[in-house]
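In what follows, a single structure is set out as structure tokens and then discussed.
Protein chains in written order, with my numbering: chain A, 745 to 928; chain B, 745 to 928.
Here is the structure:
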């Protein structure tokens, strides 16, 4: 298997930057040997948490996602600060969005590349168990809804296409495999 | 459940455009009522195909993904032309990357939002069966490798985190559910 990078980067210029994304355009030689450009969107690392209760429920957060112009139910998610361990991010996001802390944290499968054609975004998922309400109150606005939902219902929402967020879809399907659940 | 868009868009300016992505920055009023900006990356619709043989193999395509700087094994994928039915895209991409045509096409689950924090990118997956070699030869460069792989091995690659592309991970996990396969 070829693993050597067949692209050559001749130069790179900054196109745009805000606190969440940076867009650069590279001058490249393509794998076919022709000069070209490659526009790349750089982002923070994305994290997501399946917070699973002993009764087999997980926490979903509902919010309006501006870029897709749709309301979306998702697991608690958030972006890492530069250099931050993604699990630390995940713990913070869970606490901020639900007020929960957890005794047990483990990776839920490996790294995800969310959209590798144009973006360097990487995602990491975690399974949190042994949940208890933390000291801090959730820091969410009224536009964020939090709902404890039976996992089987979340899985049905994924199967029916009602949950569309890629990290949440992957997290729910991975959890279903962990729990040994077959399709309905 | 709130479904009304709590964001107000006051204006929008084009930041960058190439044949694959367009970046715009909107002036907004946030759900909390404060003025702000939102940078949004617009892309073509993404499609992916699980091409499943009667012997239970699927086709994987290997290529170097420049934005993440890694070699990646994925199902055949490609972006739609404007206004194109994503299934038409999927059929073309399968033919171009593998030379295959299929008698049976069906959606493999619902729409995916690949990275809804900053991108409007939507993905659609298909399951193709009844495969046969088409008249056209694959139009791929030497940098694209095509490999017919037992589905159980693809599933193991997903479980081990060796397949990282989000659409491929979702496609393989959905196919595993369809085929009624439990975790190893």
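Glycine included, C-beta positions come from ideal geometry on N, C-alpha and C.
The model shown is predicted, which means the values in this text are computed figures rather than measured ones.
Item to complete: Can you give me the start and stop residues for the beta strand (DSSP E) that residue 844 of chain B sits inside?
Response: It spans 844-851 - the beta strand (DSSP E) in which residue 844 of chain B sits, taken as one unbroken run.
Worksheet entry | Where the region 803-837 of chain A meets chain B: residues whose CB sits under 7 Å from a CB there | Within the region 803-837 of chain A, the qualifying residues are 806, 808, 809, 810, 811, 812, 813, 815, 816.
Worksheet entry | Residues, ordered as in the chain, of the region 857-884 of chain A that lie near chain B by beta-carbon distance below 9 Å | For the region 857-884 of chain A, the beta-carbon criterion of a distance under 9 Å to any beta-carbon of chain B is satisfied by 857, 858, 859, 860, 861, 862, 863, 864, 865, 866, 867.
Worksheet item: Does DSSP put residue 779 of chain B in a helix, a strand or coil?
Response: Reduced to three states, the DSSP call for residue 779 of chain B is strand.
Item to complete: List the endpoints of the continuous alpha helix (DSSP H) containing residue 903 of chain B.
Response: Under the DSSP assignment, residue 903 of chain B falls in the alpha helix (DSSP H) whose first and last residues are 895-903.
Practice prompt. Answer yes or no: do residue 908 of chain B and residue 857 of chain A have a C-beta to C-beta separation smaller than 8 Å?
Written response: Yes, these two residues count as a Cβ contact at 8 Å.
Discussion item. In whole angstroms, give me the CA-to-CA distance for residue 766 of chain B and residue 773 of chain A.
Written reply: Roughly 22 Å separates the two Cα atoms.
Worksheet item: So, does the CB of residue 852 of chain A fall closer than 8 Å to a CB anywhere in chain B?
Response: For residue 852 of chain A, the answer is no, since every Cβ of chain B falls outside 8 Å of its Cβ.
Practice prompt. Look at the Cβ atom of residue 781 of chain B, then the Cβ atom of residue 749 of chain A, and state whether they are nearer than 8 Å.
Written response: With respect to residue 749 of chain A, residue 781 of chain B sits apart: the two C-beta atoms are not nearer than 8 Å.
Discussion item. Excluding the 5 residues flanking residue 792 of chain B on each side, which residues of the same chain have their C-beta closer than 6 Å to its C-beta?
Written reply: Same-chain partners within the cutoff: 819, 821, 869, 911, 915.
Discussion item. Distance cutoff 8 Å, beta carbons only. Does residue 764 of chain A sit that close to anything in chain B?
Written reply: Interface flag for residue 764 of chain A against chain B is set, since a Cβ pair is found closer than 8 Å.
Fill in: Pair within 8 Å by beta-carbon distance, residue 873 of chain A and residue 796 of chain A
Contact: yes.
Fill in: Residue burial classification, residue 842 of chain B (beta-carbon count within 10 angstroms, cutoff 16)
Burial check for residue 842 of chain B: the Cβ neighbour count within 10 Å reaches 16 or more, so the residue is buried.
Fill in: residue 809 of chain B in three-state terms, based on DSSP
In the structure shown, residue 809 of chain B adopts extended strand secondary structure according to DSSP, grouped into three states.
Worksheet item: Which first and last residues belong to the alpha helix (DSSP H) in which residue 774 of chain A is found?
Response: Element bounds for residue 774 of chain A: n/a, residue is neither H nor E.
Practice prompt. Taking only beta-carbon positions, decide if residue 849 of chain B is within less than 8 Å of chain A.
Written response: By this cut-off, residue 849 of chain B is not an interface position.
Worksheet item: According to a CB-to-CB cut-off of less than 7 Å, which residues of the region 786-797 of chain B neighbour chain A?
Response: Residues 787.
Worksheet item: Do residue 919 of chain B and residue 864 of chain B have their C-beta atoms within less than 8 Å of each other?
Response: Cβ distance not < 8 Å, so residue 919 of chain B and residue 864 of chain B don't count as in contact.
Fill in: Close beta carbons around residue 757 of chain B, own chain, < 7 Å, minus the five adjacent residues each side
In its chain, beyond the 5 residues on either side, 768, 769 have a beta carbon closer than 7 Å to the beta carbon of residue 757 of chain B.
Fill in: Endpoints, alpha helix (DSSP H) assigned at residue 916 of chain A
The continuous alpha helix (DSSP H) containing residue 916 of chain A extends over residues 910-922.
Practice prompt. Give every residue of the same chain whose Cβ lies closer than 6 Å to the Cβ of residue 928 of chain A, excluding the five residues on either side of it in the sequence, and list them in chain order.
Written response: Because residue 928 of chain A sits at a pLDDT of 45, beneath the cut-off of 50, its placement in the model cannot be relied upon, and the point is left open.
Fill in: Three-state secondary structure assigned by DSSP to residue 838 of chain A
DSSP places residue 838 of chain A in the helix class (H, G or I) of the three-state scheme.
Worksheet item: For residue 809 of chain A, which of B/747, B/754, B/924, B/923 has the nearest alpha-carbon?
Response: With distances taken between Cα atoms, residue 809 of chain A lies closest to B/747.
Worksheet item: Rounded to a whole number of angstroms, what is the C-alpha to C-alpha distance between residue 878 of chain A and residue 816 of chain A?
Response: Between residue 878 of chain A and residue 816 of chain A, the alpha-carbon positions lie close to 26 Å from each other.
Worksheet entry | Burial state of residue 894 of chain A, where buried means 16 or more other Cβ atoms lie within 10 Å | Counting of Cβ neighbours within 10 angstroms places residue 894 of chain A among the exposed residues, the total staying below 16.
Worksheet item: Under a CB-based cut-off of 8 Å, is residue 758 of chain B close to chain A?
Response: Closer than 8 Å: no.
Item to complete: Please state whether DSSP places residue 797 of chain B in a helix, a strand or coil.
Response: DSSP, read as helix, strand or coil, puts residue 797 of chain B in coil.
Worksheet item: Where does the unbroken beta strand (DSSP E) through residue 817 of chain A begin, and where does it stop?
Response: Residues 814-818.
Worksheet item: Roughly how many angstroms lie between the CA atoms of residue 753 of chain A and residue 771 of chain A, to the nearest whole one?
Response: Cα to Cα, residue 753 of chain A sits roughly 6 Å from residue 771 of chain A.
Worksheet item: Can residue 823 of chain B and residue 790 of chain B be called in contact, C-beta distance under 8 Å?
Response: Here residue 823 of chain B is near residue 790 of chain B, since their CB atoms are less than 8 Å apart.
Fill in: Through-space distance from residue 807 of chain B to residue 905 of chain B, alpha-carbon basis
Cα-Cα distance, rounded: 17 Å.
Practice prompt. Given a cut-off of 8 Å, decide if residue 785 of chain A and residue 785 of chain B are closer than it, judged by their beta-carbon atoms.
Written response: Yes, Cβ-Cβ distance for residue 785 of chain B and residue 785 of chain A is below 8 Å.
Discussion item. Taking a contact to mean a Cβ-Cβ separation below 8 Å, would you say residue 844 of chain A touches residue 888 of chain A in this structure?
Written reply: No, the Cβ-Cβ distance between residue 844 of chain A and residue 888 of chain A is not below 8 Å.
Discussion item. In whole angstroms, give me the CA-to-CA distance for residue 862 of chain A and residue 778 of chain A.
Written reply: About 19 Å.
Worksheet item: Of all the CB atoms in chain A, is at least one closer than 8 Å to the CB of residue 908 of chain B?
Response: True, the Cβ-Cβ gap to chain A drops below 8 Å.
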